[in-house]
Amino acid sequence: MNYIPSLNDLKAFACIAAWQSFRKAADELGVAPSTLSHVIRTLEENMGVRLFHRTTRSVALTQAGEKLLSRLQPVLRDLDFALEEVNSFRTRPSGMLRLNTNEIAASMLLDDVVPAFLAQYPDMSLDLVTDGRLVDIVAEGFDAGIRLGEAIPQDMIAVRFGADARFVAVAAPDYFNGRTVPQSPEDLKQHLCIRCRLPSGKPYHWEFERHGQEINIDVPGSLTLDHPGMMAKAAIAGLGIAYVPQHCVTDALTDGRLRTVLDDWCPPIAGLFLYYPGHRHVPSGLRAFIDVMKATARF
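Residue numbering for the sequence shown is 1 to 299, as defined by the UniProt record's numbering.
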């Protein structure tokens, strides 16, 4: 075959394959979906094979498309590494830095780190994606992620961001009018609890630990939420006991709208860490972000 696709066409193919969606790939690449559709149609015609199965509802790779992608991905990664190594010789790093994190960590970054980073490195762009689920940052094209230390894969390099974290069980003082304050996690089964739904859709079992003894409780409750801020608001409204990160309820604890229970069952845990794969070249933009984070973050 004498036809050699352009690099942009191959990158478009890989992006569509990653998203399994022409629309989402078009959003990432900054082009119209119709433009991508034309690119792939031309690519398929010139190569003489179909690369995608396309319907009005789904996009999936054909066998030929899967083979091309498996060969193409390491080539594109090596190309990105080569360009990044050249970029490291610049006085100032430039380009896009993609970070995957959760909403709480993103809010903390926006307080100090992000403004300082963008001011210090005006040639850099930052794509901060908040995601409740723990994603494979390499497979989904992120330079790094930020999560609680206990959730980070062991093969990653981790850099602390923030102090130790602590989850606390809280309720409005009035909630306990006529009710017994729980003394152990098992007592929660006799209370109204504000349950938490994980990104997977499964209910979160509250996790407690004291003197090496660990207890997981599938708490009862008529209200289930998926955001700690909403859980705290429901607790303030007297709807039951919530189990949330302590920093989400600091003000409410200080002014008395909430009180804690089971304090001795809620020890500190490893806080937030920025993490990235150790087997690949570290982009200069990520190194710069880590330097700013260390200099700016308060912990």
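We treat Cβ as the ideally placed atom computed from N, Cα and C, and that holds for glycine.
Computed from a prediction, not measured in an experiment: that's the story for all the values here.
From the listed residues E209, Y276, L51 and I290, the smallest Cα separation to I137 is found for Y276.
With fewer than 16 other Cβ atoms inside 10 Å of its own Cβ, R133 counts as exposed. The bridge partners DSSP lists for D127 are R98. Around the beta carbon of Y3, fewer than 16 other beta carbons sit within 10 angstroms, so the residue counts as exposed. Between M293 and F142, the C-beta spacing is not below 9 Å.
Between G221 and the set I152, R195, N177 and A234, the nearest pair of CA atoms involves R195.
By the neighbour-count definition (other C-beta atoms within 10 Å, threshold 16), L239 is a buried residue. Counted as a single uninterrupted DSSP element, the beta strand (DSSP E) harbouring I217 occupies residues Q213 to I217. Shown here, E103 sits in a helix according to DSSP, grouped into three states. About 18 Å separates the Cβ atoms of A158 and L128, ruling out a contact at the 8 Å cut-off.
With a 10 Å radius around the Cβ and a threshold of 16 neighbouring Cβ atoms, A144 comes out buried. Ranked by Cα distance from I104, the options A169, C15 and I146 are led by I146. Sequence-distant Cβ neighbours of R92 in its own chain, meaning closer than 7 Å and more than five residues away, are Y121 and D123. Comparing alpha-carbon positions, the option among A163, R259 and R57 lying closest to I269 turns out to be A163. When Cβ pairs closer than 8 Å are counted between the two stretches, the segment 259 to 274 is seen to touch the segment 164 to 183, the count reaching three or more. By alpha-carbon distance to P267, the top candidate from P33, R210 and L7 is R210. By the CB criterion at 9 Å, A171 and V244 fall outside the cutoff. By alpha-carbon distance to W206, the top candidate from L223, A169 and V181 is A169. The C-alpha of L43 is placed about 15 Å away from the C-alpha of P33. In the three-state DSSP reduction, C266 falls in the coil class, being neither helix nor strand.
Counting other Cβ atoms within 10 Å of its Cβ, P182 reaches 16 or more and is therefore classed as buried. According to the DSSP assignment, R210 belongs to the beta strand (DSSP E) that extends over W206 to R210.
Cβ-Cβ distances below 8 Å link V282 to Y276 in the same chain, with the five nearest sequence neighbours on each side left out; the list follows chain order. The beta carbon of D218 is closer than 6 Å to those of H205 in its chain, skipping five residues each way along the sequence.
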